[in-house]
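Chains as they are written, first to last, in my numbering: chain P, -4 to 305; chain E, 2 to 339; chain X, 45 to 647; chain H, 692 to 993; chain S, 9 to 328.
Note that beta-carbon positions come from the ideal geometry of N, C-alpha and C, so glycine has one too.
Owing to the predicted nature of the structure, the values given are computational and were not obtained by experimental measurement.
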Ligand SMILES: Nc1ncnc2c1ncn2[C@@H]1O[C@H](COP(=O)(O)OP(=O)(O)OP(=O)(O)O)[C@@H](O)[C@H]1O
Ligand SMILES: Nc1ncnc2c1ncn2[C@@H]1O[C@H](COP(=O)(O)OP(=O)(O)OP(=O)(O)O)[C@@H](O)[C@H]1O
Ligand SMILES: [Mg+2]
Ligand SMILES: [Mg+2]
């Protein structure tokens, strides 16, 4: 069952200009995006910088005003800001990119993790403390840490505190916006591992946003590629990596540096070929504004943005 | 004439924190040859940038000891005038952050031209402009005449990074230091930039130091790789050796933590790079992060050993290194420094 | 004129000198008494008696030279340079150098025959009086045009014009036909008749002693210049502001608005060409006047801030100080009623808080004004006794017995009047045994205002009277007059000051219908005396003296207000200046000379 | 730039932001000898002035004594008397207290207005910010001194509090601007976004999350503002719009110097006040600058 | 560019209107009016009342306001009660004086601030820097009026180097060389007094800007190009640091305005500030209103000017 369904989501930002600071145009940060996420799965959203990944995530959770479209969460329409009632809200949480700025440096770990509990549940001090300690243990930190401040932790640990906060209310969906891109490779691994563990344990669903195809490949079941606010391709991990259809996807995949130095030449050649193809067939894949076309299904799971034939 | 372009001998760069000096680059001995890309990898804070800045003489308040031989000449202690003659001409550097590396108030063309002016006063204005356009072309900027008169804020990150590269290569440097030139960029642009650097090396036969923490990048680019940890080089080898036969536990951990096909669990390096003041100054600096390796396996004052020709490793603990098993790891999680 | 740096007086006095700034009577100033001064001599205090009014010449005047005149004010001058329109005292100082009244006066402020015109008073059969004024032949405007009778008439016509917005309307008081003219019923004033080019007759409906005491408006307005300018625009015109004209000893050469005026000699002056080549007048701030004098930057100033005298007299060894009693006094008033605007009449309220004259007398006894004068003003002010200042030697009555400083007496009076401390807090209650707290309003500005007010309050407290500063602070001039003029019920006592002008007539300040009678005191006796003092009978000076003597006694009896301090004016003059004088009657500016090109600098 | 190079863990320890930041500020302050000296001096002055002024009888001090006018310093009057025969030393103590009180009150009131304004504008951004900034611009272009003079002439009840309020109404803009720009940056940080997704109310976020994070900025700015505000009434006293003399202040004493004789011959009336203003302002400022250095890791002295 | 200016102007419009209402209401709220100070037995109460009526002092405030604004729109600020002349003419004289004084002060301010700020920023934490910083601290803590008084006393009177009051020596022909020199001479001391105090904030600001800019990465880029230290400063750091000073310029105007009130009073310099002080005491409201309005507008224009300067010199916000 799909826990989240997004239909035709649009998030536009006004460009203001002119004498009266009127809106003259829009940045179409997210332009008609539709997808759905199955419960318990990890859905990856990939794309270059500025392609609208973050905006999509923020739009869903309500940090951004939605211009048009519809969002169904657990079958309930939560498009409108007002309809995002407290109850709905608690089922959807977010993990942020920067483990340093996402924790209030002035608050103790206890207060940070307890914040959602205080907003949604009226627990006694003791219960609260117990819950926080349990959560800490769950994310692999010692319960004694509740009196510490964020700066006393390493990046990976902080990210886990952020996760503890996100799961405090036992949400169904977690939107993770580049949860590891600010971390060193070594620390990255720690967090990714942990996210997988906790997913199994709590039956979480992830909307996993990243620009690193390597990580997405490691983490996700389904993947969507975004370009200039639109989807260019969507499919299972296998579809995307082994059978990329859209030229943009191909280019993205080819650009991933290969960890094996022996493959260098092959990789270069591959990349050159893809680039050539990209240059040659650009017009087949993008409209005159350089935007992707609407999605066309090419298999049960695989959708590609292609011009409508006929 | 030797093939050695740059030789660092026991380079030590220290910063003052409080009343004491702490070495961020500690006893680094390293060689860069002509027509070679030397990759330097390591976690954040391991001293990569500090090393690059030392070579360029860009530290304003650091104590630098040891020798930096450039074409056989020690440039660690030369006058500012002499240094300025080298910098931008034979020695050039590409910076990490393209957003801030350009003067926001100067036209792109002027910023590139400045390098030319500084090292060749005789060039006519016209010739200079032509050369700038040529450079812009070289780094793949479309419509260079137009971009010439633009300001940094009008360009995208990728474009700016190219301008930074154009500045660095303007005078066809013999040594190009690229400090994380692509970290801030998308993969597709990263591929282009790396392509560019590779082309430059091939065209000009320069030596390149490529600093990065992305193992994929070095795998694609470098001829030789130096792995840095806590201010020290822990392992140096040619690229194939390093990826296929890493010795030092740190190198192996790094390689292991990269997501790869079919991997279920990623390897995790425990702990963090200690802050400068807290660096263990004796013994194997990595020992703290591999607590399951017996302390006796570490050398007291480890130095780089040449294990096979051209392959250097610090500390003999690699001989005893193994990855701990999952259960043990989980246990360690619980008690991790927190 | 009044001293710029002086406190309370600023507001009210500044309007006053329009009738004053010329001269007045002055034998030796303040020859009367002042026990203060005798003691003062021992204390090293200064007495006004020690000053001369004429500069002692220290050498031969050279030919020509320029006199630098300092106008002491901390504001700029307005630059309305015409007698008919000016308002501020500083402008009057500027005017006197280049324009003057047709009629001269003596030190008693009475008209003489020594001016640019002679006059004759003719009593008509119908009881009215006509003044026949004849302008001397050699009196010419600076542009060479003769000063004519029609110029004087023109001045009256302008002042009476409905479009005239100035403050000189009083000039027409009593002139026959003036009302009709002002009401627009006549094109001219029937009481003014031009006999010839140089002679004009002005008829007043009733003889009035004030007329002789410089009560006739005698400033001509050059018709050949202003004749074509609409009255409403005159005051703004360049002829008033930029190239003003007169017939005085000097001509205006240039004006830096608000700052300075340069004059050159008027060779054609009717009393003869001036000795000086010219005069430069500039504004000097009270705070820097000493330095300006010391360095010879200015030779003379209009008035010297008296509070700076003692400190600087030794330093200023290059000047001679002239001095005399000022035409002003400070007083404390008691609110006794209100002014009925409808009826235009003061209504005394017998139930007013301050209605008991014993209370008022006790309060007078309680304050030591001589000490105030000595301590705050180094003896250059001294306790006042009557409401007519010693500058009117004819009228001021030194024999009036005014309450003097005597706290014991004050207590006795209060005790007898039933003001006793019934609840033992050291403060007297009123005869009904109710708490008595009086509010004292005083104006801010000037250096001594605050301690002075505090002193009075303390002095009253010493005799057991509780007086507090209204709102706990001094009031800025505008608020002060708002309170006092509108009879704000919160004011019981106030401190004010009056410039006296050159006429002793007191109706404007203490009459039943006078809005400025801030104490709102009225009595039959007062009405009688004031009316009598301004009647035809009072044309006889001896009679008039008696009347005002009676009035001065009445005021000391009834004490609606009591004078606190009389004041003096000091004028420092550089040693190089000759033939300078500050006598009220002095009008010989043309004879002033200097003994050297440059002013003498202090050592 | 250098900040980039700093090891990440180190980087996060921006002392101004970590909770122990205040402790760090304190440590830095104490390390700075000049600032420490200033702080001690300041404390001594404050304690002395407030302490002694409790004992002193203000009415007594402002009592006019006709026979002790302009006395030079002597045993009876440590700092002589003024032209009303009033003890200058007593006035100096009470004046310092009043001036300090005014300075503190103005700083606090304008600080509270400015902080609230800046936080709200910065936090909400967009139209709210736009509108609020227009209001702020407007206040900023008002001819401050003139309006204060006009206001001072209007208020009937001219007390220290009223004065402070008037002053504050015209001097909150600087801090508001600063706080706003900081809040604009701060609200983009993920912890604010996180709080939003966690269902925390805006008010709570503004005052409980954002504000504590800019507290060191607030402290520094307020300290520097305090330095500027200590002498704030002296100018008005000079122009003649100060307090009545029965409420002594440093400005009143200082403005006596406009009398040339006082300026030249009676130094004891105004010089101590001038020196005190100078010392107070410098001392507070030194403390403020030291705090500023402490919050700015790049400028921290070791 | 023009669009930008027009837009900025449009924003200033409501500000000015608001300012005018505020000023007007405050003037209304003050006790007393121009005639309160006329205390002269020769002028009767009726006459005063009549004058009040004629001058429109008794009309309700909105009528008065409408009249006033109506006048201003036609360049007529009404009539000064005290000076008996149109405020516009009165201001002409004063405005020029204040304008020169301000200009001179600004000139001195920047002439001092820029070198001092640059030195102090470039050689920060040296002895030189410490002494400059020391000066700025002192300047910050010294009340302008005390400083100006002392300057007047020392240089005007004790040393006699400068004239002590007024704006020009009396009797000089306007337009002549002597006149101009004399004007300049009269400006020097007040302008210098004000500038010496005023400049400290700019020095401090510039210093911290330079210290800040020094750390920017593009400066390192410049060094890496082989630029010498002096070139790094001249070509890269100074321009970037001076930019915010342009933004500061707008506020400088406001400081100036407050400053002129003090300095004009002390040096008896007949400018707008002095006029304001006198007029407020005498309740010459038409003048008070006009002066405050003009100063307000000057500040608004100052802000506008610095925005425009900024938008010209800063390519990041340059409007093409
Ligand atoms: N608040 C905003 N106002 C205006 N434009 C915005 C805003 N937020 C985002 N944008 C624009 O919307 C587009 C999409 O931005 P978004 O942050 O969603 O991209 P992204 O894919 O997350 O990129 P990145 O990988 O850099 O995080 C960008 O062009 C961005 O400039
Ligand atoms: N100017 C400085 N003063 C004090 N310490 C410094 C300075 N510059 C760098 N350091 C310290 O030196 C160490 C090495 O820093 P460096 O910038 O060289 O790391 P890096 O490997 O380049 O890291 P990154 O990948 O984040 O760029 C860090 O611990 C850092 O805190
Ligand atoms: Mg994003
Ligand atoms: Mg680095």
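Item                                                                                                                                                                           : Value
On a CA-only basis, which of X/150, X/270 and X/141 is nearest residue 202 of chain X? Give me that one, please.                                                               : X/270
Touch check for the segment 412 to 431 of chain X and the segment 573 to 588 of chain X: three-plus C-beta pairs under 8 Å?                                                    : no
Does the beta carbon of residue 14 of chain E fall short of 7 Å from some heavy atom of ligand 1?                                                                              : no
Got a sec? Which residues, its chain only, sit under 6 Å from residue 216 of chain E by beta carbon, not counting five neighbours each side?                                   : 259
Which of the three DSSP states is assigned to residue 770 of chain H in this structure?                                                                                        : coil
What's the gap between the Cα of residue 880 of chain H and the Cα of residue 789 of chain H?                                                                                  : 42 Å
Determine the contact status of residue 934 of chain H and residue 928 of chain H, defining contact as a CB-CB distance below 8 Å.                                             : yes
Measure the beta-carbon distance from residue 244 of chain X to residue 196 of chain X and round it to whole angstroms, keeping in mind my assumption that it falls under 8 Å. : 5 Å
Just jot down, in chain order, the residues whose CB lies closer than 6 Å to any heavy atom of ligand 6.                                                                       : Ligand 6 is absent from the structure shown, which contains only ligand 1, ligand 2, ligand 3 and ligand 4.
Please classify residue 225 of chain X as buried or exposed, where buried requires at least 16 other C-beta atoms within 10 Å of its C-beta.                                   : buried
What residue range is occupied by the uninterrupted alpha helix (DSSP H) comprising residue 191 of chain S?                                                                    : 185 to 222
Under the criterion of a Cβ to heavy atom distance below 7 Å, does residue 47 of chain E qualify as lining ligand 2?                                                           : yes
Could you tell me the distance, in whole angstroms, from the CA atom of residue 797 of chain H to the CA atom of residue 858 of chain H?                                       : 6 Å
So, does the CB of residue 891 of chain H fall closer than 8 Å to a CB anywhere in chain P?                                                                                    : yes
So does residue 181 of chain E have its beta carbon nearer than 7 Å to some heavy atom of ligand 2?                                                                            : yes
So which of X/108, X/134, X/205 and X/527 has the shortest CA-CA distance to residue 277 of chain X?                                                                           : X/205
What residues are listed by DSSP as bridge partners for residue 20 of chain P?                                                                                                 : P/10
CB-CB under 8 Å to residue 318 of chain S, same chain, minus the five flanking residues each way: which ones, in chain order?                                                  : 251, 254, 255 and 325
Is residue 519 of chain X helix, strand or coil when you go by DSSP?                                                                                                           : strand
Decide if residue 177 of chain S is buried, meaning its Cβ has at least 16 other Cβ atoms within 10 Å, or exposed.                                                             : buried
Just verifying my parser: in three-state terms, what is the DSSP assignment at residue 611 of chain X?                                                                         : strand
Is the beta carbon of residue 405 of chain X less than 8 Å from the beta carbon of residue 537 of chain X?                                                                     : no
Can you pull out the residues from the segment 143 to 177 of chain E whose beta carbon lies closer than 7 Å to at least one beta carbon of chain P?                            : none
Quick check: the Cα distance between residue 299 of chain P and residue 42 of chain P, rounded to an integer number of angstroms?                                              : 15 Å
Going by CA-CA distance only, name the one from E/177, E/246 and E/139 that's closest to residue 193 of chain E.                                                               : E/139
Name the DSSP beta bridge partners of residue 168 of chain S, please?                                                                                                          : None, per the DSSP bridge assignment.
At the level of alpha carbons, what is the spacing between residue 328 of chain X and residue 877 of chain H?                                                                  : 57 Å
Listed in chain order, which residues of the segment 900 to 922 of chain H have Cβ atoms closer than 8 Å to some Cβ of chain P?                                                : 900, 903, 904 and 906
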